[in-house]
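Residue numbers (this note's numbering): 118 to 261. For each residue, glycine too, the CB sits at the ideal point set by N, CA and C.
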Amino acid sequence: MAASQFQKIAAAALLGACLSFSPASASDSTDSSLFQSIIKDQMSAFAAGDAKAAFSYATRSLQQKFQTPEFFMEMVRQGYRPVYEPQSVTFGRSKVTKYGPTQEVYVTGPKGQNWLALYAFEQQNDGGWRISGCYLTKSEGFAA
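Next comes the structure, spelled out in structure tokens:
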């Protein structure tokens, strides 16, 4: 029961964060290689069990919501297993939406199920980019 509530809270927080960041400006551009590198690096941190490194790719607002690298890592492990422990990863389109830049990622999860993970990014005050949210949905129409 507690795990179910945890997953609902975590999903709501990530979705809220994804929808709450400021809209893209006309000067925003997609840099798919940069976004893909950020996602790959975070997935590598998940695979290595490096909560601190994985947490460092999240925006400050997500870090404030989840407070500690360990809590963040546990939320991803429980609620986002396909990106936490993917069997395969294929990158799709990068594009700027009204919510900011996004990157499609097709993953095959640990149980062989195909998923679409839509990552949202937010530019930080220092000019760097961080992950501001991830929306995960089952997808039957591809093989990663």
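- Query: What's the call for S249, buried or exposed, on a 16-neighbour Cβ count within 10 Å?
  - Reply: Locating residue 249 in the sequence shown gives position 132, counting from the first residue. When all chains shown are included, S249 counts as buried.
- Message: Based on DSSP bridge pairs, tell me the residues matched to T225.
- Response: Working through the sequence shown from its first residue, we reach residue 225 at position 108. In the DSSP assignment, T225 forms a beta bridge with S205 and N231.
- Is DSSP giving K157 helix, strand or coil here? Numbered from its first residue, the sequence shown carries residue 157 at position 40. K157 falls in the helix class under three-state DSSP.
- Starting from S256 and walking both ways along the beta strand (DSSP E), at which residues does that stretch end? Here residue 256 refers to the residue found at position 139 of the sequence shown. Note, S256: premise wrong, no beta strand (DSSP E); not H, not E.
- Would you call S144 buried or exposed, if buried means 16 or more other Cβ atoms sit within 10 Å of its Cβ? Translated into positions along the sequence shown, residue 144 becomes position 27. Legend: pLDDT at S144 = 37, less than 50; position of this residue unreliable, value from coordinates given subsequently. Label assigned to S144: exposed.
- For G226 versus R194, is the C-beta distance shorter than 8 Å? Here the question's residue 226 lines up with position 109 in the sequence shown. Here the question's residue 194 lines up with position 77 in the sequence shown. Not closer than 8 Å, so no.
- Kindly list the residues whose CB is nearer than 6 Å to the CB of K169, restricted to its own chain and excluding five residues on each side of it in sequence; keep chain order. The residue given as residue 169 occupies position 52 in the sequence shown. Closer than 6 Å at Cβ, skipping near neighbours: P186.
- Cβ neighbours of Q184 in the same chain (closer than 8 Å, five flanking residues each side left out): What you label residue 184 is simply residue 67 of the sequence shown in a count that begins at 1. If we look at Q184 and ignore the five residues flanking it on each side, it has no Cβ neighbours.
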